[in-house]
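K.L.:
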């Protein structure tokens with residue numbers, strides 16, 4: 067598309083063509099069944115001092131929005147000399163990764179049938195008292211244009227389902243879930259054995275787990291837990307917009323500072339296909355591979371054009387917005403701990419007194435963090451022992467990074483079907499995360 071961009075200003079236009087499906091059952095009762103399709107746009111104008119924004123669902127009115135914002139701004143004949151302008155892209159590209167497998171082409175009846183096929187498996191367990199099944203998908207085509215000449219088009223897709231259930235026997239209760247996330251509908255087929263295994267694990271844990279003895283342990287995180295830990299407890303600290311004007315935080319986050327062992331590397335990129343896939347961000351900048359920690363040393367952080375300007379560092383392609391209604395801010399895409407050199411069996415066999423966390427219900431934190439695990443197992447004398455109930459695992463982020471003393475040699479990547487990343491008023495943004503098994507010394511377990 068061609069727009070008349072006003073001189074003396076920077077202008078960009080982000081257009082989103084969105085399709086989504088939401089289906090929800092409680093037991094066998096259909097609670098929601100909705101397909102949505104719309105196109106809308108977000109428009110920005112920058113005069114070297116301030117940003118001016120507008121969003122609209124009238125694509126024919128985009129030029130009018132540009133003109134109205136330009137009338138509010140102050141023309142700047144030296145706009146091209148400003149640092150933020152220089153950090154904005156002029157890329158021209160088309161990247162369509164999902165053509166031929168769009169979820170928008172899958173019949174709604176097929177999606178409903180997928181959820182109904184779950185129900186007999188869950189209902190067959192005598193301890194299940196309540197369950198919910200949810201199917202979600204989304205397909206988005208984005209267009210991006212700016213006054214520097216950028217012309218971009220790229221797509222994004224996700225799909226998945228989750229079965230959540232509550233088990234009970236007497237005073238004992240246990241919540242479990244089994245989810246399958248993918249980027250195309252056929253990936254969701256053939257999950258029955260996974261669901262059966264998850265239900266059996268939940269039952270075994272409910273009936274046989276014992277309360278953990280509180281104290282400090284070497285804790286082994288499964289890849290799913292590693293991914294949530296690195297996202298919640300380290301990734302957010304890497305979003306550099308919160309450092310603007312904060313000298314104390316900048317000193318704490320000084321690049322070149324050693325924070326872990328030589329084999330600890332944390333990376334972030336929008337180029338991995340999954341929920342965090344972002345080949346170009348919402349300012350039109352290309353996805354990069356950013357090493358937040360490289361060989362145990364703080365090596366980088368995440369930027370949009372403004373934060374990169376303020377900290378005098380390269381743009382990383384991490385300007386993301388929840389939708390056309392929001393301005394792009396610094397957000398993660400796919401964040402993960404890279405592989406190490408040990409096998410999982412070595413991590414276990416080397417542990418005399420530890421806890422294995424295989425899944426979790428919640429994780430949060432910045433300087434300090436809290437993980438609420440689901441399934442945990444005692445590790446005694448180098449072997450996995452009995453299941454134990456753990457309320458929380460807590461620690462200091464930088465201390466925990468320094469206490470990582472084992473990293474396995476295989477990385478797994480994950481996406482959550484429901485929920486996502488929250489920041490400010492923009493929640494929940496789809497992201498990817500992952501990592502290997504990691505072992506962390508001296509963690510507080512309750």
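Residue numbers (my numbering): 67 to 512. Glycine included, each C-beta is placed from N, C-alpha and C at the ideal position. All values derive from a computational prediction rather than experimental measurement.
Alpha carbon to alpha carbon, what distance is there between residue 334 and residue 380?
P.N.:
For this step, residue 380 is matched to residue 314 along the chain shown. For this step, residue 334 is matched to residue 268 along the chain shown. One C-alpha to the other measures close to 14 Å.
K.L.:
Would you check if there are 3 or more beta carbon pairs closer than 8 Å linking the segment 322 to 336 to the segment 279 to 292?
P.N.:
At 8 Å Cβ cutoff, the stretches do not touch.
K.L.:
Rounded to whole angstroms, what's the CA-CA distance from residue 387 to residue 423? Just pull it up for me.
P.N.:
On the chain shown, position 321 is the one that residue 387 refers to. On the chain shown, position 357 is the one that residue 423 refers to. Using only the alpha carbons, I get a separation of about 33 Å.
K.L.:
Can you tell me whether residue 277 is buried or exposed, with buried defined as 16 or more other CB within 10 angstroms of its CB?
P.N.:
Residue numbering aside, residue 277 sits at position 211 when the chain shown is read from its first letter. By the 10 Å Cβ count, residue 277 comes out exposed.
K.L.:
So, helix, strand or coil for residue 229, using DSSP?
P.N.:
Counting from 1 along the chain shown, the entry for residue 229 is found at position 163. In the structure shown, residue 229 sits in a strand (DSSP, three-state: E or B).
K.L.:
Have a look at 464, 413, 440, 438 and flag the residue whose alpha-carbon is nearest the alpha-carbon of residue 519.
P.N.:
The question about residue 519 has no answer, for the chain in this structure spans 67 to 512.
K.L.:
Within a Cβ cutoff of 7 Å, which residues of the same chain sit near residue 161, ignoring the five residues on either side of it in sequence?
P.N.:
Looking up residue 161 in the chain shown gives position 95. Cβ neighbours of residue 161 beyond the five flanking positions: 220, 345.
K.L.:
Among residues of its own chain, excluding the 5 on either side of residue 83, which ones have a beta-carbon nearer than 6 Å to its beta-carbon?
P.N.:
By 1-based counting over the chain shown, the position of residue 83 is 17. 105, 207, listed in sequence order.
K.L.:
Determine contact between the segment 190 to 210 and the segment 228 to 237, defined as no fewer than three beta-carbon pairs at a distance below 8 Å.
P.N.:
Counting Cβ pairs under 8 Å, three or more are found: they touch.
K.L.:
Along the chain, where does the alpha helix (DSSP H) containing residue 265 start, and where does it finish?
P.N.:
As a working mapping, residue 265 is identified with position 199 in the chain shown. Counting along the chain, the alpha helix (DSSP H) containing residue 265 begins and ends at 258 to 274.
K.L.:
Using beta-carbon positions only, say whether residue 336 and residue 343 come within less than 8 Å of one another.
P.N.:
Position 270 of the chain shown, counted from the start, is the residue given in the question as residue 336. Position 277 of the chain shown, counted from the start, is the residue given in the question as residue 343. Cβ distance < 8 Å, so residue 336 and residue 343 count as in contact.
K.L.:
Please list the segments of the alpha helix (DSSP H) lying wholly inside the segment 361 to 417, counting only runs of 4 or more residues, in order along the chain.
P.N.:
For the segment 361 to 417, whole alpha helix (DSSP H) runs of length 4 or above, ordered along the chain, are 371 to 377, 410 to 415.
K.L.:
With residue 128 as the anchor, note down where its alpha helix (DSSP H) starts and where it stops.
P.N.:
Walking along the chain shown from the start, residue 128 turns up at place 62. It spans 128 to 138 - the alpha helix (DSSP H) in which residue 128 sits, taken as one unbroken run.
K.L.:
Can you give me the C-alpha to C-alpha distance between residue 282 and residue 140, rounded to a whole angstrom?
P.N.:
Stepping through the chain shown from its first residue, residue 282 is reached at position 216. Stepping through the chain shown from its first residue, residue 140 is reached at position 74. So the alpha carbons of these two residues sit roughly 59 Å apart.
K.L.:
Nearest by alpha-carbon distance to residue 211: which of 244, 385, 156 is it?
P.N.:
Locating residue 211 in the chain shown gives position 145, counting from the first residue. Out of 244, 385, 156, 156 has the C-alpha closest to the C-alpha of residue 211.
K.L.:
Would you kindly work out how many angstroms separate the C-alpha atoms of residue 306 and residue 395, rounded to a whole number?
P.N.:
In the chain shown, residue 306 corresponds to position 240, counting from 1. In the chain shown, residue 395 corresponds to position 329, counting from 1. Approximately 10 Å between the Cα atoms of the pair.
K.L.:
I'd like the span of the alpha helix (DSSP H) that includes residue 177, first residue to last.
P.N.:
In the chain shown, residue 177 corresponds to position 111, counting from 1. Note, residue 177: alpha helix (DSSP H), 174 to 189.
K.L.:
Is residue 571 helix, strand or coil by DSSP?
P.N.:
Missing from the structure shown is residue 571; the chain here goes from 67 to 512 and no further.
K.L.:
Taking only the alpha-carbon atoms, compute the straight-line gap between residue 101 and residue 86 and give it to the nearest angstrom.
P.N.:
Start at 1 with the first residue of the chain shown, and residue 101 comes out as number 35. Start at 1 with the first residue of the chain shown, and residue 86 comes out as number 20. Going by the C-alpha atoms only, they are around 6 Å apart.
K.L.:
Do you know whose CA, among 152, 118, 89, lies nearest residue 376's CA?
P.N.:
Your numbering for residue 376 matches position 310 in the chain shown. Nearest C-alpha to residue 376: 152.
K.L.:
Assign residue 174 to buried or exposed, taking buried as 16 or more other Cβ atoms, counted over all protein chains shown, within 10 Å of its Cβ.
P.N.:
The residue given as residue 174 occupies position 108 in the chain shown. Flag for residue 174 reads exposed.
K.L.:
If distances are taken between C-alpha atoms only, which option among 143, 147, 111 comes closest to residue 133?
P.N.:
For the purposes of this step, residue 133 is taken as the residue at position 67 of the chain shown. With distances taken between Cα atoms, residue 133 lies closest to 111.
K.L.:
Please state whether DSSP places residue 349 in a helix, a strand or coil.
P.N.:
As a first step, residue 349 must be located in the chain shown, where it is residue number 283. The answer is coil: DSSP assigns residue 349 none of H, G, I, E or B.
K.L.:
Keeping to the same chain, check which residues put their C-beta closer than 7 Å to that of residue 420; ignore five residues upstream and five downstream.
P.N.:
Sequence index remark: in the chain shown, residue 420 carries index 354 (1-based). Same-chain partners within the cutoff: 283, 284, 285, 286, 445.
K.L.:
Enumerate in chain order the residues of its own chain whose CB-to-CB distance from residue 442 is below 6 Å, with the five nearest sequence positions on each side excluded.
P.N.:
For the purposes of this step, residue 442 is taken as the residue at position 376 of the chain shown. Same-chain partners within the cutoff: 421, 423, 454, 456.
K.L.:
What does the alpha-carbon distance come out to for the pair residue 259 and residue 329?
P.N.:
The residue you call residue 259 lines up with position 193 of the chain shown. The residue you call residue 329 lines up with position 263 of the chain shown. Taking the straight line joining both Cα atoms gives about 36 Å.
K.L.:
By the DSSP assignment, the alpha helix (DSSP H) with residue 467 in it spans what residues?
P.N.:
By 1-based counting over the chain shown, the position of residue 467 is 401. Element bounds for residue 467: 463 to 468.
K.L.:
Per DSSP, residue 478 forms a beta bridge with which residues?
P.N.:
As a working mapping, residue 478 is identified with position 412 in the chain shown. DSSP, once it has assigned bridges, lists 501 as partnering residue 478.
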